[in-house]
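Data block below; observations after.
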Amino acid sequence: MTDTSLNPLCQQVLSFLSKDEFANKPVVIAYSGGVDSQVLLHCLAQIKDFLITSVHAVHVNHGLSTNASSWQKFTKQQAEQLSISYVGVEVVIQKHSGQSLEALARDARYQALTENSAINSVVLTAHHQDDQLETLLLALKRGSGIQGLSAMQDVRSFSDNRVIARPFLSISRKQIEDYAKLFKLTWIEDESNNNQDFDRNFLRQSIIPLLEQRWPQIKKTASRSAKHCQQAQVLVEQVAVTDLKQCQTATDSLSIDLLKELSEQRLFNVLRFFIKINNKLAPSEKQLQEVVKTCFSAKEDKNPEVKVGDFYLRRFKNKLFISDVYADISAWQKQFCIADLRQGKVVELPDNLGSLYFSASQQTENSKENQFLLTYVDEQADLKIVFKHDNPKCLPDFRQQRRELKKVLQELQIPRWQRKRLPLVFINEQLAAVLPLFIDKDFTANTNQKCLSITWHKKN
Numbered sequence: 004m005t006d007t008s009l010n011p012l013c014q015q016v017l018s019f020l021s022k023d024e025f026a027n028k029p030v031v032i033a034y035s036g037g038v039d040s041q042v043l044l045h046c047l048a049q050i051k052d053f054l055i056t057s058v059h060a061v062h063v064n065h066g067l068s069t070n071a072s073s074w075q076k077f078t079k080q081q082a083e084q085l086s087i088s089y090v091g092v093e094v095v096i097q098k099h100s101g102q103s104l105e106a107l108a109r110d111a112r113y114q115a116l117t118e119n120s121a122i123n124s125v126v127l128t129a130h131h132q133d134d135q136l137e138t139l140l141l142a143l144k145r146g147s148g149i150q151g152l153s154a155m156q157d158v159r160s161f162s163d164n165r166v167i168a169r170p171f172l173s174i175s176r177k178q179i180e181d182y183a184k185l186f187k188l189t190w191i192e193d194e195s196n197n198n199q200d201f202d203r204n205f206l207r208q209s210i211i212p213l214l215e216q217r218w219p220q221i222k223k224t225a226s227r228s229a230k231h232c233q234q235a236q237v238l239v240e241q242v243a244v245t246d247l248k249q250c251q252t253a254t255d256s257l258s259i260d261l262l263k264e265l266s267e268q269r270l271f272n273v274l275r276f277f278i279k280i281n282n283k284l285a286p287s288e289k290q291l292q293e294v295v296k297t298c299f300s301a302k303e304d305k306n307p308e309v310k311v312g313d314f315y316l317r318r319f320k321n322k323l324f325i326s327d328v329y330a331d332i333s334a335w336q337k338q339f340c341i342a343d344l345r346q347g348k349v350v351e352l353p354d355n356l357g358s359l360y361f362s363a364s365q366q367t368e369n370s371k372e373n374q375f376l377l378t379y380v381d382e383q384a385d386l387k388i389v390f391k392h393d394n395p396k397c398l399p400d401f402r403q404q405r406r407e408l409k410k411v412l413q414e415l416q417i418p419r420w421q422r423k424r425l426p427l428v429f430i431n432e433q434l435a436a437v438l439p440l441f442i443d444k445d446f447t448a449n450t451n452q453k454c455l456s457i458t459w460h461k462k463n
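Every number in the numbering used here is 3 more than the matching position in the sequence shown, counting from 1.
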């Protein structure tokens, strides 16, 4: 859709948002108040009557500048003047050793955008052609592969059916600044943009001007290279999908024997893709080599693991598993009287394991998923929830004789790291249940017998 009465930049945004993939989806602009997002906001105000949807501005106050509060006030005033709904979100960023302040700010910004947009929203950012060149150069500096050299896409998936869209990606910074001058716009000048300690600012102020003097078309040609890499990445991922179907044994595991049949290039490719679809950051070549060396060559009775960023790749039963870095919860425990639990009780488990909901029950049929029913003799008995044990003997419903808990968990082929995250329920110091695996036969409920219901609400 176009309208000849509109400025060319407004036409660009209108045409972009008129694509079928964006039809009737709410539009959210990531609005910093800088010249780029100010121009995008102004364009949206000019075209919003042509859109069959809502337009909403979200400003994220990172609190990193002494001017942050005044910037938030400014962006609110600007949005109100343009009759665009607005929300300002204040976030707290705590820098830790080894973490990039830029990356932490970006993560906080994306989280705020997720929390302040509808599930199917189109989240617009004002990234432009100059930003694309900077991103490509930073990827080269890091030694990135095809995915990194793809730089920024016009549209990419975000979270919960949201997408991030960049209508200005083919537009230069000069075109944006010319628009701002034409309409006499005011905007925020972030003092941190002058700090060349930040790699992006160093490129913008010291390197790219030299490149443009020598090669005036470098922004356009760099964007073209990024497009070529994006196309190549699509083909690479198509190969990865084929290999993944062959090697995957579960959402979080791969067959090591089948992985070994692949060439090194396809092996590394499918590992990167497997890590990506599990929402983890891409590993380096060196890290993948360490995973293959450590996990593929170990003896069958060994269970080696390699920490890669904020997750682990672990070998168990000749499978390669991906898992988070878990906290040590061995000291955690809770103790209650069964009579109190019968009245209704919620117990929050540690390390994002979710919650246990306790209540009285006489129903032993048609129990819900993740619901467990325990019988008991004495309402005054103590019930304890722990994660650490001294290897008690137990009698699951699938066994005829008692056996040590460690042996039972081995029989069930529970990976070693997962065994430490199973809630153990003891009644008067006797093991009654290992959730969600089994209930000991001594505590298995019979029809019409009074029992205690435990429902495990797990976090995603």
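Built from N, CA and C at the ideal position, the CB exists for glycine as well.
Report the CB separation of residue i from residue j in whole angstroms; it is logged as a contact under 8 Å.
i: serine 456; j: glutamine 374; result: 6 Å
i: asparagine 306; j: arginine 419; result: 6 Å
i: serine 209; j: glutamine 220; result: So it is not a contact: roughly 20 Å between Cβ atoms.
i: leucine 139; j: alanine 229; result: 6 Å
i: histidine 460; j: serine 362; result: Not confirmed; about 13 Å, so no contact.
i: phenylalanine 277; j: leucine 247; result: 6 Å
i: valine 294; j: valine 311; result: 7 Å
i: glutamine 346; j: lysine 387; result: Wrong, their Cβ atoms sit about 18 Å apart, outside the cutoff.
i: alanine 183; j: valine 42; result: 5 Å
Buried or exposed: residue i, going by 16 or more other Cβ atoms within 10 Å of its Cβ?
i: arginine 109; result: exposed
i: glutamine 132; result: buried
i: phenylalanine 271; result: buried
i: cysteine 250; result: buried
i: serine 153; result: buried
i: lysine 302; result: exposed
i: glutamine 241; result: exposed
i: glycine 146; result: exposed
i: histidine 231; result: exposed
i: histidine 328; result: Per the sequence shown, residue 328 should be read as valine rather than histidine. Exposed, by the Cβ-count rule.
i: aspartate 443; result: buried
i: isoleucine 430; result: buried
i: glutamine 135; result: buried
Grouping DSSP H, G and I as helix and E and B as strand, with all else coil, what is residue i?
i: leucine 359; result: strand
i: proline 399; result: strand
i: histidine 460; result: strand
i: arginine 406; result: strand
i: glycine 91; result: strand
i: lysine 51; result: helix
i: tyrosine 113; result: helix
i: glutamine 132; result: helix
i: leucine 274; result: helix
i: leucine 425; result: coil
i: valine 125; result: strand
i: phenylalanine 201; result: coil
i: asparagine 196; result: helix
i: phenylalanine 25; result: helix
i: histidine 65; result: coil
i: phenylalanine 171; result: coil
Would you tell me roughly how many angstroms separate the C-alpha atoms of residue i and residue j, rounded to the nearest one?
i: aspartate 313; j: leucine 107; result: 14 Å
i: glutamine 292; j: isoleucine 325; result: 16 Å
i: lysine 22; j: valine 166; result: 13 Å
i: isoleucine 211; j: leucine 143; result: 14 Å
i: asparagine 394; j: arginine 422; result: 12 Å
i: leucine 54; j: histidine 130; result: 21 Å
i: serine 173; j: valine 158; result: 13 Å
i: glutamate 414; j: glycine 91; result: 54 Å
i: leucine 344; j: valine 428; result: 13 Å
i: isoleucine 87; j: lysine 222; result: 32 Å
i: alanine 225; j: leucine 67; result: 32 Å
i: serine 175; j: valine 38; result: 12 Å
i: leucine 257; j: lysine 296; result: 16 Å
i: alanine 168; j: glutamine 236; result: 19 Å
i: glutamate 83; j: aspartate 181; result: 23 Å
Could you tell me whether any non-hydrogen atom of the ligand SAH is closer than 7 Å to the CB of residue i?
i: histidine 131; result: In terms of ligand content, the structure shown is empty, and the ligand SAH therefore cannot be addressed.
Short of 8 Å in beta carbon distance, which residues of its chain neighbour residue i, apart from the five on each side in sequence? Order them along the chain.
i: histidine 65; result: Ala71, Val94, Ile96, Ala108, Ala111 and Arg112
i: glutamine 404; result: Leu398
i: alanine 33; result: Ser40, Val61, Val63, Arg112, Leu116, Val126, Leu127, Thr128 and Ala129
i: glycine 36; result: His62, Trp74, Phe77, Thr78, Gln81, Trp190 and Ile191
i: serine 8; result: none
i: serine 120; result: Pro29, Val31, His59, Val61, Val126 and Arg165
I'd like the list of long-range same chain contacts for residue i, defined as Cβ closer than 6 Å, with 5 residues on each side in sequence excluded.
i: phenylalanine 446; result: Leu377, Thr378 and Ala435
i: proline 426; result: Ile388 and Leu438
i: lysine 51; result: Val58
What does a CB cutoff of less than 7 Å around residue i pick up in its chain, not counting 5 residues either side in sequence?
i: tryptophan 335; result: Pro353 and Phe390
i: serine 162; result: Thr117
i: phenylalanine 46; result: Per the sequence shown, residue 46 should be read as cysteine rather than phenylalanine. So the qualifying residues of the chain are Leu12, Cys13 and Val16.
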